[in-house]
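Structure first, then comments.
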Ligand code: GAP
């Protein structure tokens with residue numbers, strides 16, 4: 000499947016629209032349409048339910064997006080949350096330095112230029128990379144353009160010399176022009192709080208939800224009366240002024256995160272209480288329940304497994320996911336270990352979630368910067384310590400995109416006359432499907448059928464999202480729902496009304512989206528039958 004096909008389907012069916020589309024759009028921002036909004040809600044609800052409602056040891060938080068700017072100093076975001084960027088010397092287009100593909104060819108160097116007419120000159124050096132086969136004139140044309148931008152009307156580039164290069168990343172892949180030296184670009188989006196736009200009032204839209212959890216650690220702990228190990232989770236918007244938003248919603252400037260900070264004992268405290276620290280080697284955390292002698296390694300592995308199970312439970316099979324253990328040299332300075340869960344997108348295998356063992360870095364930093372204790376008194380260990388943290392951090396939008404990619408399927412189905420035609424079907428897992436069931440009266444001009452179908456809709460509506468459709472041939476109505484990813488279709492026909500005999504009265508056909516099989520089900524059994532598949 001091509002990404003273009005998917006983007007077109009997303010717009011046509013109302014999963015995703017470009018933000019501010021009627022004004023030409025805004026790069027890196029997206030809006031979820033009617034089906035996308037339902038899909039996103041379902042993802043968040045599933046995550047919330049599994050992370051906190053179905054567990055005793057995790058509580059929730061819903062914090063503000065703009066927080067005290069000192070938080071970002073403590074977390075390191077003010078000083079280090081940056082990407083290296085480079086600008087094209089000709090077009091000024093900005094790129095992330097690490098996204099420039101290595102190129103080979105001949106570099107044409109110029110030491111400056113003169114303008115015979117005006118007598119002006121420029122001593123700025125410039126160079127341009129030409130791939131094999133391109134004539135030297137195109138290098139001179141680019142150089143002329145460069146010196147024109149420096150105020151020379153009819154420049155003659157000087158000192159031309161050439162050099163063959165291999166795998167360089169110093170040139171713009173789009174036009175061959177030299178790029179600036181890489182320099183850091185802070186990704187936090189700035190704003191001012193209050194009526195005065197002064198340096199004292201600078202604030203930031205949060206670049207991650209995690210820091211709010213750390214700074215509310217003590218409050219949440221006190222009110223929930225949890226004991227370490229326990230977690231605090233949050234779902235919310237985050238903002239990053241990404242240099243190159245790309246791959247549809249994959250890298251956006253506004254997105255949502257689902258993050259858990261799970262607080263554990265430092266290994267030395269585990270040793271003191273349990274007499275030993277269980278090691279990762281030889282253990283199988285997926286089949287083990289948490290134990291008092293677990294150190295950070297086992298808790299980390301446990302959360303990787305939990306998260307992989309969760310992805311499977313919403314229809315992302317392990318065959319589509321990759322568990323990538325970051326190498327030592329790739330780890331952030333505070334991380335002891337990080338596992339990325341990657342999804343095989345059509346544009347490459349890319350990160351959905353990172354699960355990091357962050358030690359006590361964050362709480363210790365906030366303790367230092369705020370002057371407030373972040374220590375926890377462990378009754379059992381009779382010791383005070385700053386807890387360590389395991390952090391599973393996932394992106395809602397990336398997951399929505401992965402689920403859309405994963406669901407897209409083309410197969411064949413018979414049309415009205417029994418001829419096979421191509422069918423586009425979104426095979427969402429029923430748990431996250433935007434609409435759970437579609438209800439159709441067989442004919443829209445038979446009031447008794449319509450009335451009964453509306454009764455069925457009202458019966459199901461309190462339990463799940465229902466779509467009622469009476470327009471067009473029944474086959475076409477099925478197709479529309481297949482494309483929306485609705486897993487079940489219920490049709491009310493003359494048998495339902497008892498017109499063919501009493502035995503089928505008050506029964507309907509229940510159609511399965513994937514197998515297209517239909518079965519006869521009593522109306523009274525519909526809700527429990529469907530709920531069983533949705534939970
Ligand atoms: N608190 C840790 C943290 O924020 P991260 O790896 O920078 O870690 C976590 O982000 C997740 O947030 C990523 O795995 C991804 O799913 C999502 N995410 C990060 N940047 C994003 C962006 N620009 N657009 C969409 N999702 C993004």
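Residue numbers (this note's numbering): 0 to 534. Think of the CB as a built atom: it goes at the ideal place given N, C-alpha and C, for glycine as much as any other residue.
Cβ-based burial, residue i [other Cβ within 10 Å; buried from 16]
i: residue 381; result: exposed
i: residue 5; result: buried
i: residue 127; result: buried
i: residue 275; result: exposed
i: residue 293; result: buried
i: residue 177; result: buried
i: residue 364; result: buried
Local conformation of residue i per DSSP, three classes
i: residue 183; result: strand
i: residue 405; result: helix
i: residue 189; result: strand
i: residue 387; result: strand
i: residue 168; result: coil
i: residue 77; result: helix
i: residue 345; result: coil
i: residue 456; result: helix
i: residue 498; result: coil
i: residue 194; result: coil
i: residue 59; result: strand
i: residue 244; result: coil
i: residue 278; result: coil
i: residue 290; result: coil
i: residue 415; result: coil
i: residue 421; result: strand
i: residue 432; result: coil
6 Å Cβ shell around residue i - same chain, five flanking residues per side excluded
i: residue 188; result: 204, 238, 240
i: residue 517; result: 508, 510
Beta bridge counterpart(s) of residue i as assigned by DSSP
i: residue 36; result: Paired residue(s): none; residue 36 is not in a bridge.
i: residue 324; result: 338
i: residue 157; result: 111
i: residue 354; result: 338, 391
i: residue 479; result: DSSP lists no partner for residue 479.
i: residue 16; result: 30
i: residue 521; result: 506
i: residue 382; result: 377
i: residue 6; result: Per DSSP, none; premise fails for residue 6.
Sequence-distant residues of the same chain with beta carbon closer than 7 Å to residue i, five excluded per side
i: residue 219; result: 58, 60, 231
i: residue 18; result: 24, 25, 28, 29, 30
i: residue 10; result: 16
i: residue 0; result: 345, 407
Own chain, CB closer than 8 Å to residue i, minus 5 neighbours either side, in chain order
i: residue 455; result: 438, 489, 491, 507, 522, 525
i: residue 443; result: 449, 469, 470
i: residue 434; result: 34, 37, 464, 465, 466, 480, 483, 484, 485
i: residue 419; result: 411, 412, 413
i: residue 327; result: none
C-beta contact flag for residue i and residue j at 7 Å
i: residue 222; j: residue 70; result: no
i: residue 376; j: residue 367; result: no
i: residue 181; j: residue 297; result: no
i: residue 107; j: residue 138; result: yes
i: residue 346; j: residue 200; result: no
i: residue 389; j: residue 356; result: yes
i: residue 370; j: residue 335; result: no
i: residue 387; j: residue 265; result: yes
i: residue 257; j: residue 393; result: yes
i: residue 166; j: residue 101; result: yes
i: residue 272; j: residue 379; result: yes
Residue-level contact to chain B via CB, residue i, 7 Å cutoff
i: residue 482; result: Among the protein chains of the structure shown there is no chain B, as only one such chain exists.
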